[in-house]
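Quick notes on the structure that follows.
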Amino acid sequence: MFAGATMEDVASDSEQGEGSGVISNVKRKIKHGFNKAQEEARGMFEKVKRSFSDFINRE
200 MFAGATMEDV ASDSEQGEGS GVISNVKRKI KHGFNKAQEE ARGMFEKVKR SFSDFINRE
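To convert, note that position 31 of the sequence shown is 230 in my numbering; the numbers rise steadily by one, no gaps.
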């Protein structure tokens, strides 16, 4: 990851300093979008891994 951070470091970033207002709403939406994209990527990876495994193990 960027600057040596792992995916866990990025995903578990604490919500310190989060106030109210427009900035916090935007930050919340960005985090939600990031988490949704991450879950979709995990799902796609599992599908591809399963498909590849089926292809390798076919008879």
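Just so it is clear, CB atoms sit at the ideal spot from N, CA and C, and this is done for glycine as well. Since we're looking at a predicted model, the values are computed, not measured.
According to DSSP, simplified to helix, strand and coil, what is residue i?
i: G232; result: helix
i: G242; result: helix
i: N224; result: helix
i: R249; result: helix
i: M200; result: Residue placement at M200 is poorly supported in this model, since its pLDDT is 43, which falls under 50; the coordinates are not used for a value here.
Please report how far the alpha carbon of residue i lies from the alpha carbon of residue j, in whole angstroms.
i: M200; j: R227; result: The predicted position of M200 is uncertain, since its pLDDT is 43 and thus under 50; a value taken from the coordinates is nonetheless stated next. Cα to Cα, the separation comes out at about 22 Å.
i: G220; j: F233; result: 20 Å
i: E245; j: K230; result: 23 Å
i: S223; j: S252; result: 43 Å
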